[in-house]
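**Q** Mind having a look at this structure? Questions to follow.
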Amino acid sequence: MTGAPVRRDGPPLPSTLSALSRPGRRAYSLPELDVPDAPVPPEHARATPPALPEVGERDIVRHFTRLSQINYGIDTGFYPLGSCSMKYNPKMAEAVASYPGFARLHPHQPEDSVQGALELLYRLERALCEITGMARATLQPPAGASGELTGLLIMRAYHAKQGKPRSKIVIPDSAHGTNPASVTLAGYRVVQVPSDARGLVDLGQLAKIVDEDVAGLMLTNPNTLGLFEEEIVGIAEAMHRVGALLYYDGANLNAIIGRVRPGDMGFDIVHMNTHKTFATPHGGGGPGAGPVAVSAALEPFLPAPVVAFDPDAGRYSWDADRPDSIGRVHGFHGNFGILVRAFAYVFAHGRDGLKAVGERAVLNANYLAQAVAEAYPPAFEGRPMHEFVATASGLKKHGIRAMDVAKRLIDLGFHPSTVYFPLIVEEAMMIEPTETESRETLDAFAAAMLQAAREAVEDPDLLHDAPRSTPVGRLDEARAARELKLRW
Amino acid sequence: MTGAPVRRDGPPLPSTLSALSRPGRRAYSLPELDVPDAPVPPEHARATPPALPEVGERDIVRHFTRLSQINYGIDTGFYPLGSCSMKYNPKMAEAVASYPGFARLHPHQPEDSVQGALELLYRLERALCEITGMARATLQPPAGASGELTGLLIMRAYHAKQGKPRSKIVIPDSAHGTNPASVTLAGYRVVQVPSDARGLVDLGQLAKIVDEDVAGLMLTNPNTLGLFEEEIVGIAEAMHRVGALLYYDGANLNAIIGRVRPGDMGFDIVHMNTHKTFATPHGGGGPGAGPVAVSAALEPFLPAPVVAFDPDAGRYSWDADRPDSIGRVHGFHGNFGILVRAFAYVFAHGRDGLKAVGERAVLNANYLAQAVAEAYPPAFEGRPMHEFVATASGLKKHGIRAMDVAKRLIDLGFHPSTVYFPLIVEEAMMIEPTETESRETLDAFAAAMLQAAREAVEDPDLLHDAPRSTPVGRLDEARAARELKLRW
Amino acid sequence: MQFAPHTDDDVQEMLAACGRSSIEDLYAHLPPDVVLGRDLDLAEGLSELALTREMRELAARNRNADGYVCFAGGGAYDHYVPAVVWAMAGRSEFYTSYTPYQPELSQGVLQALFEYQSMICELTGLEVSNASLYDGATALVEAVHMAVAATGRRRILLSEAADPRFWEALRTYGRGAGYEPEPIPAAGGVSEATEVRDDVAAVVVQHPNVFGNLEPASALFESAHAADARAIQIFDPLSVGTLAPPGELGADIAVAEGQVLGNHLNYGGPYLGIVAARMADVRRMPGRIVGETVDVDGRSGYVLTLQAREQHIRREKATSNICTNQTLMAVAATVYLAWLGPAGLAELARQCHAKAAYAADALDALPGVELAFPGVPFFKEFALRTTREALDVQRDVLDQGYLVGPIVPHEGRPALLVSVTERRNRDEIDGLVDAMKTAAAS
Amino acid sequence: MQFAPHTDDDVQEMLAACGRSSIEDLYAHLPPDVVLGRDLDLAEGLSELALTREMRELAARNRNADGYVCFAGGGAYDHYVPAVVWAMAGRSEFYTSYTPYQPELSQGVLQALFEYQSMICELTGLEVSNASLYDGATALVEAVHMAVAATGRRRILLSEAADPRFWEALRTYGRGAGYEPEPIPAAGGVSEATEVRDDVAAVVVQHPNVFGNLEPASALFESAHAADARAIQIFDPLSVGTLAPPGELGADIAVAEGQVLGNHLNYGGPYLGIVAARMADVRRMPGRIVGETVDVDGRSGYVLTLQAREQHIRREKATSNICTNQTLMAVAATVYLAWLGPAGLAELARQCHAKAAYAADALDALPGVELAFPGVPFFKEFALRTTREALDVQRDVLDQGYLVGPIVPHEGRPALLVSVTERRNRDEIDGLVDAMKTAAAS
Ligand SMILES: Cc1ncc(COP(=O)(O)O)c(C=O)c1O
Ligand SMILES: Cc1ncc(COP(=O)(O)O)c(C=O)c1O
């Protein structure tokens, strides 16, 4: 267990497709043109063809097969990225999403030809509303951040309709970067509320900040420290008292699913990340989906169209006639193929299964938190929910940073946790095991973390030089940003 | 390029599923039983359940994903196994074979419900007959060896029908092991004919062997040395003169496809390996398919049933009423899913494409043969066809065997060629590049072979200790056979 | 179904290890008044067998593009997706990974995205591409935000011949960001020359436009540049196999719906938002950008770069709020473009255009049907006017097995779009003409 | 389509490098009289787009098991194949590799096969499994060859209640190997006690048999052993979730059609031949066997072992001629069995039996339909006699959306088989009963 893995000495990465290119080589095949040729008018024509690579199909296959093999995914191993809910992506969901009856639907098909798709969207919307305790939802937003902006635009439209436009949105200092970024895009100003010693929203500070110019508060609960905001009801009342709305960032919904509903906590708007809670794949960075559910009062402002159901006719349709709608937030109906997977996940689990998901996620986080606490104490005292933030600050005196631990974990066979987030925790390691990991995995990961802590004292170069088992070692990010090389 | 890769020090292989097993863990889901339970009679019941592993679906996925990643395939790199035609397996063939309209057909479906499948089989049979120059074919045999035995049983039935059962089959000393094994299973005795100095069938010797008790001669052409049996017409005449039949082992059909037809050379029976010539995947060792085509005289003896077409009714059917048939050689209709891929390959290429396949295969072999000849001279002088047999015997004086070169090639990034076959060549390296490899791949492989030859002199331990870049080093095969450990 | 691997023993022992007496105890600190005192009102879970049966039934209640001949367009097109694309992009190491925060473990996705960026630069004739946005419509929104940031202005001129979906999206997001698109008239089916004042941030032209028509893009972009406004082109990534690329036409920023690059129709998503720009705007780009650099030993590798633009670093000052994007679709596009190569792209574009021209001629000759913009050159899509109600014509044509559309209003009248990809053959086009003949007449 | 990557320049330069003047020159040494002086009489090649269109059309001319409710059996069964099976077995590193001749590069397939062998031993209660044979029928043939080799005898007793396909296969191959199967009578639908003389090589019983019936296998195997003959059982790999395994019943060799272990119906292939035996017969086993061993550094790994049995070493003295086998199907079976686990296997077997029993009762109650073997216990399949011609009943039932069959003769009369897997639910069984009611009466 102690010998350090040594870096491969083969070529670190496959050649680029461009380097493989040979003039005249090709992979494509197309039928002969069977109508008269008709070139575009010369004034519109392209003079020089784009220098795409010229390669054979076998070149392509070996290239991308190799690229895939040097890419770590959940199917490769444990992936405890805090805030990302990197849970196992069921193969059955991939299978169903590829049915031609879903994958080969044109977005402009008439409603009568897509009744199955509309039913799926409608039933998914109903299920998500039940899960969140809200009245209606839009499935258009293609990711969480898009959901945030959608929610904030709904807030904006709501306050405008009330005749009282406002200018500020309150977010905690532990908030995810997309929250403040979305606030700006919605035309609001960010007001930050600090966390208190418990890692929760500082109620005293909040009281000082909140006034009638505050449009709303964005919160995750459990928050990004993995702690449940126990005074949420009080917070909600404080906001509602001044006419502000409560926005629920659903990144952490996995902790409470089936047990606590954002609507019951007083939230008015909720986004979900299907690629977290509902196990749709993260795709190397996307696609995901970020449905937004709202209370009855906000329903008129939802993006149009939404799916309507006529129980008498047994017919589904697109309801676009929504005068107060904020309008379209996606080019079509959102990431439908992802929503199919989310539907499969939700209905496969059902009421018991979803509740168990949350329970096991919280159990795993609690178990892992105590297992590593000796070397990586929790940043705050409270009971963790589905994730926890530990700190590697104890290793600083040995010259070891959280990033060094993370890189060493790679050599020990694991994807590291999120590091340096939330920003308010020094040397933060934000660890979210998710419910799909076994106790054996958690034990092995804890052992690796503790080993790294020991090595920090005994043999710190193992950490400084890590990773050494990967095709490339630590990369010079400063140089990347300075000497921009963004294409072949 | 000179530093030797070093073996990984991580665990060499994933745990077995058995080691991952935990009582009560499970992956399966099944619906609730919705009819009354009805246990089997106690006297038939199983007392203790089989100790299958108890694992979760995520366990399974990580396990097999990892296993796949430590397995070398054509999609990983060059795979020049002589006699195996390890060509690129088109992704389109995989895609079409998975259509439910093929993959979800029950073998006992009535003919009227499988007209598309029957048409496919019929058209494939016709195409294979045209390619081989034969009258009719059976698609039942699931592999080449099965095709051989089928062909020999046809011979047997033919001679029996002639009233002159015979007892011997002649095969060259360079023949593949399946040939003699099939001969025995068909109830014949093997008579071996030696190769002459040119690497071709020794005609003088053949003349001495052949008599009226010889049922037939099995031959590949080009032969297993990659050389074309130029006197094939004379050989055929010699055989036919005594009433013996000529069997064509189609393993090497790739060399001559579209240019020379076994039927035109005088062969009476031909098997093809779809997993060679027609690029159906090798599947880690199978499944393949081994259709057998025969001359008109032998048609009555083909395994029943065969597909018949009634042009008037436009209807396909199974013709099982074949009194002289040798009977069924497969439980159902053969490896249909593989035949679908072969169909796709044949019709995708068409007449020009198939001819080009052979041309490029022969070009690649000729090019590679000269590129390595300096260190690995050809075993025989003749012009190679789609493959060539070189010898590493020149390295023996440095204590290096063909197997050492093979293992060193692994560390240099390639799957080795076939070694020690054909048996008649000392330190044989039988190299078949196939047409789907590029000149760049051949150049890189030749460079690696030449490097290994240099290293044999300069640093032979690099070869003796190879491979070192793989999860395990050379394995003790003697011990495996001595201390049998064939299960958990 | 359940994917948590815990046995009952696991649960008990793990609870004990962290000092909790029961599962309920894990939640003991939650305020009781927010805890749901009942089960969710959802059905019980399903086995995989039962679930896939239900999904198959839902899928079967749709007519899909294998069950009709697809001449529909309006931003999503039935181009052929070769098998290799998803055999590669569908490798699970790609789709089960996330944003490459740990580059040493993610060189596969990073290199694929670097290659994607390179090819998008080639397609557009521009200097820098990001690693993906959500889709075409939101890519346009991001481009407009770039222009606003670059110019410090807020007026946006958008062609009337741009897809109405783009209009809608810009209006939605403009409400937050503080702009509202203003029309460039296109009475004849192409944008008219327009005065661009020096308070204009961006001139946006879709070329080919929503009617399929080719736009006088260079001229429009010249007027933009004269006013120091950004020129933004919405383009079709396959059209540039035969049409001059945005960079050459003078566009500063090019955006596109990337669905056509190897992505399935998927009822509108997941698709791919493409954005490319000139180097001058690189620090205003939204989303992930991959750069090449070297590791500690000097070997080259790839990282996410210019992260100082992004939300996780810059928070409320970020160029965009995008985090999760459409990486997998970009990987698919990379495979697809490698499959096409320059010759394939040119041939494919040639075929789309020739087949569309053939179809347009034949349809125009039908009684009750005429080209909406006779004589105006188009690429792979064109607009019809029908004597009969367009909606009825569309429905009757679909009943005969052909999907056309969408129907887009032009100057108050419906224009029925027909688009023709390389996937269609002459027989199918002739079949459509027959179907349309019946439908238009009845 | 073409997958050879050669450019024209490549061809010219490569020809030059090996001293050939042209492609034709590569073949200059071939005798002209064998060279085909014309093009093959085949159509021109197709693009991928055109080919997949044609394949889709062919596929559409079949009715597949998604388009009817499958109660057909007779050796191939519509069990549910979970998505994980082919997501794993379909990984291209598996399917594009070949026989693991270079074990260091093939540990993935080797370990999977080792696990397969282990699980097959567990299923059968026997000591050794090989790594796969072609299918159930040819596995039986190989088992018989083992028995012949082990005993030096040639008489083979085969139950009359074994699938006719097995009879046919044994007859075919017996003609070469020099034996002919002789019947064990089964007038009542199960094999009768039979005298086994000491010239008998093997007693072969299919249990459950072709009619689905449970056989008195132990008793038959006892008589085999009394005569020092090998006892061979043809079994259903899923039945042993509830039925006593072959090893326990006294079988020396067990063979099976492994299609049911995660393989699709595929119109009869590729399937999986399973063979397991006692250690005493290990050197008579056909085909590949994987063994665990150690490498030069002492770490454990897997290799093909006992190769001295095989054709490439032993040539005409090999135990079998098999070379290419059905490895990928064995990998799929391994994934499937891991998915099921012991509890899943037991539950699945329980459901098959209970559902079959429910169906049998209901069908037996119909006028014109009766159980062929009333009171005889069966597993998941049972035989019906119909007043109306069985073929007509089968056709009429299929017209109503239900596939039953095959029809197997018993004592000169047709028996119509019905099999019920876990995949069928009560509604579907009730639907079949309704359909059968109509069909049997009309
Ligand atoms: C707390 C939190 N909020 C919002 C987001 C943004 O979600 P998305 O990446 O789907 O846009 C994330 C995801 O990374 C998150 O962790
Ligand atoms: C020359 C030759 N003959 C026969 C065979 C047997 O074919 P199969 O492996 O398909 O049974 C092979 C394949 O390895 C071969 O190379």
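Chains as they are written, first to last, in our numbering: chain A, 1 to 488; chain B, 1 to 488; chain C, 1 to 442; chain D, 1 to 442.
Ideal placement from N, C-alpha and C gives every residue a C-beta, glycine not left out.
Just so it is clear, the structure is predicted and the values come from calculations on it, not from any experiment.
Are the beta-carbon atoms of Ser113(B) and Arg63(D) separated by less than 8 angstroms?
**A** Translated into positions along the second sequence, residue 113(B) becomes position 113. Translated into positions along the fourth sequence, residue 63(D) becomes position 63. Against a cut-off of 8 angstroms, the Cβ pair of Arg63(D) and Ser113(B) comes out as a contact.
**Q** Can you name the start and end residues of the beta strand (DSSP E) that Pro183(D) belongs to?
**A** Position 183 of the fourth sequence, counted from the first residue, corresponds to residue 183(D). Element bounds for Pro183(D): Pro181 to Ile184.
**Q** Just the C-alpha distance for Pro409(D) and Ala187(D), rounded to the nearest angstrom, thanks.
**A** Within the fourth sequence, numbered from 1, the residue matching residue 409(D) stands at position 409. Within the fourth sequence, numbered from 1, the residue matching residue 187(D) stands at position 187. Answer to the nearest angstrom: the Cα atoms are 12 angstroms apart.
**Q** Tell me, to the nearest whole angstrom, how far the beta carbon of Thr280(B) is from that of Ile338(B); I am working on the premise that it is less than 8 angstroms.
**A** On the second sequence, residue 280(B) is found 280 positions in, with the first residue counted as 1. On the second sequence, residue 338(B) is found 338 positions in, with the first residue counted as 1. Correct: roughly 5 angstroms between the Cβ atoms.
**Q** Would you mind telling me which residues of chain B sit closer than 7 angstroms to Gln69(A), beta carbon to beta carbon, in chain order?
**A** As a working mapping, residue 69(A) is identified with position 69 in the first sequence. The answer, in chain order, is Gln69.
**Q** Give the interface partners of Asp66(D) over in chain A, defined as CB-CB distance under 8 angstroms, in chain order.
**A** Along the fourth sequence, one-based indexing puts residue 66(D) at 66. Within 8 angstroms Cβ-Cβ: nothing; Asp66(D) doesn't reach chain A, min ~10 angstroms.
**Q** Distance cutoff 8 angstroms, beta carbons only. Does Ser29(A) sit that close to anything in chain D?
**A** Walking along the first sequence from the start, residue 29(A) turns up at place 29. By this cut-off, Ser29(A) is an interface position.
**Q** Looking at ligand 1, does it come within less than 7 angstroms of Asp173(A), judged from the CB to the closest heavy atom?
**A** The residue labelled residue 173(A) in the question sits at position 173 within the first sequence. Answer for Asp173(A): no, Cβ out of range of ligand 1.
**Q** At 3 residues or longer, what runs of the beta strand (DSSP E) sit wholly inside the stretch 165-243 of chain C?
**A** 181-184, 200-206 and 230-235, all fully within the stretch 165-243 of chain C.
**Q** Is Val201(B) buried or exposed, if buried means 16 or more other CB atoms sit within 10 Å of its CB?
**A** Within the second sequence, the letter at position 201 stands for residue 201(B). Its Cβ being crowded by 16 or more others within 10 Å, Val201(B) is buried.
**Q** Strictly below 7 angstroms CB to CB, what residues from chain C border Tyr80(D)?
**A** Taking the first residue of the fourth sequence as 1, we reach residue 80(D) at position 80. Simply Leu49.
**Q** Any beta carbon from chain D within less than 8 angstroms of Arg230(C)'s own beta carbon?
**A** Within the third sequence, the letter at position 230 stands for residue 230(C). No, Arg230(C) lies away from the interface with chain D (no Cβ there is under 8 angstroms from its Cβ).
**Q** Is Thr470(B) near ligand 1, in the sense that its beta carbon is under 7 angstroms from a heavy atom of that ligand?
**A** Here residue 470(B) corresponds to residue number 470 of the second sequence, with the count starting at 1. Thr470(B) Cβ: outside cutoff for every heavy atom of ligand 1.
**Q** Is the beta carbon of His312(C) within less than 7 angstroms of some heavy atom of ligand 2?
**A** For this step, residue 312(C) is matched to residue 312 along the third sequence. Answer for His312(C): no, Cβ out of range of ligand 2.
**Q** Can you tell me the Cα-Cα spacing of Glu389(C) and Ile154(A), whole angstroms?
**A** By one-based count along the third sequence, residue 389(C) stands at place 389. By one-based count along the first sequence, residue 154(A) stands at place 154. Near 36 angstroms, if we compare the C-alpha coordinates of Ile154(A) and Glu389(C).
**Q** Which chain A residues sit within Cβ distance under 9 angstroms of Pro5(D)?
**A** Along the fourth sequence, one-based indexing puts residue 5(D) at 5. Correct list: Arg22, Arg25, Arg26, Ala27, Val55, Gly56, Glu57, Arg58 and Asp59.
**Q** Report back the beta-carbon spacing between Val193(A) and Leu206(A) to the nearest angstrom; my notes put them in contact at under 8 angstroms.
**A** Taking the first sequence and counting its residues from 1, one reaches residue 193(A) at position 193. Taking the first sequence and counting its residues from 1, one reaches residue 206(A) at position 206. Right, the Cβ-Cβ distance comes to about 5 angstroms (below 8 angstroms), so this counts as a contact.
**Q** So for Gln69(A), helix, strand or coil by DSSP?
**A** Residue numbering aside, residue 69(A) sits at position 69 when the first sequence is read from its first letter. In this structure, Gln69(A) counts as helix in the three-state DSSP scheme.
**Q** Do Ala415(D) and Ala383(D) count as a contact pair if the criterion is CB distance below 8 angstroms?
**A** As a first step, residue 383(D) must be located in the fourth sequence, where it is residue number 383. As a first step, residue 415(D) must be located in the fourth sequence, where it is residue number 415. Cβ distance < 8 angstroms, so Ala383(D) and Ala415(D) count as in contact.
**Q** According to the Cβ coordinates, are Asn325(D) and Ser132(D) closer than 8 angstroms?
**A** Along the fourth sequence, read from residue 1 onward, the residue named residue 325(D) stands at position 325. Along the fourth sequence, read from residue 1 onward, the residue named residue 132(D) stands at position 132. Going by C-beta atoms, Asn325(D) is nearer than 8 angstroms to Ser132(D).
**Q** In this structure, how does DSSP classify Leu265(C) when only helix, strand and coil are distinguished?
**A** Walking along the third sequence from the start, residue 265(C) turns up at place 265. Of the three classes helix, strand and coil, the one that applies to Leu265(C) here is coil, per DSSP.
**Q** Out of Ala354(D), Arg309(D) and Leu265(D), point me to the one whose CA is closest to Cys70(D)'s CA.
**A** As a position in the fourth sequence, residue 70(D) is number 70, starting the count at 1. Nearest option by C-alpha distance: Leu265(D).
**Q** Please classify Phe3(C) as buried or exposed, where buried requires at least 16 other C-beta atoms within 10 Å of its C-beta.
**A** Here residue 3(C) corresponds to residue number 3 of the third sequence, with the count starting at 1. Buried.
**Q** What residues in the stretch 87-104 of chain B have a beta carbon less than 8 angstroms from any beta carbon of chain G?
**A** Included in the structure are the protein chains A, B, C and D, with no chain G among them.
**Q** Do Pro303(B) and Ala320(B) have their C-beta atoms closer together than 8 angstroms?
**A** Taking the first residue of the second sequence as position 1, residue 303(B) is located at position 303. Taking the first residue of the second sequence as position 1, residue 320(B) is located at position 320. Contact flag unset, no.
**Q** To the nearest angstrom, how far is the alpha carbon of Lys168(B) from that of Val214(B)?
**A** Locating residue 168(B) in the second sequence gives position 168, where the first residue counts as 1. Locating residue 214(B) in the second sequence gives position 214, where the first residue counts as 1. Using only the alpha carbons, I get a separation of about 5 angstroms.
**Q** Determine whether the beta carbon atoms of Val260(C) and Tyr77(C) lie at a separation below 8 angstroms.
**A** As a position in the third sequence, residue 260(C) is number 260, starting the count at 1. As a position in the third sequence, residue 77(C) is number 77, starting the count at 1. Result yes, Cβ atoms of Val260(C) and Tyr77(C) sit closer than 8 angstroms.
**Q** With hydrogens ignored, establish whether the beta-carbon of Ser83(A) is closer than 7 angstroms to any heavy atom of ligand 1.
**A** Here the question's residue 83(A) lines up with position 83 in the first sequence. Because some heavy atom of ligand 1 lies under 7 angstroms away, the Cβ of Ser83(A) counts as near it: yes.
**Q** Using the Cα positions of Pro11(A) and Gly212(C), report the straight-line distance between them to the nearest angstrom.
**A** In the first sequence, counting from the first residue as 1, residue 11(A) sits at position 11. In the third sequence, counting from the first residue as 1, residue 212(C) sits at position 212. The predicted position of Pro11(A) is uncertain, since its pLDDT is 48 and thus under 50; no value can be drawn from it.
**Q** Just to confirm the assignment, what range does the alpha helix (DSSP H) spanning Cys70(D) have?
**A** Position 70 of the fourth sequence, counted from the start, is the residue given in the question as residue 70(D). Looking at the DSSP string, Cys70(D) is not in any alpha helix (DSSP H); the run it does join, the beta strand (DSSP E), is Val69 to Ala72.
**Q** Quick one: list the residues of chain A neighbouring Ala83(D), beta-carbon separation under 9 angstroms, in chain order.
**A** Sequence index remark: in the fourth sequence, residue 83(D) carries index 83 (1-based). Chain A residues near Ala83(D): Pro90, Lys91, Met92, Ala93, Glu94, Ala95 and Val96.
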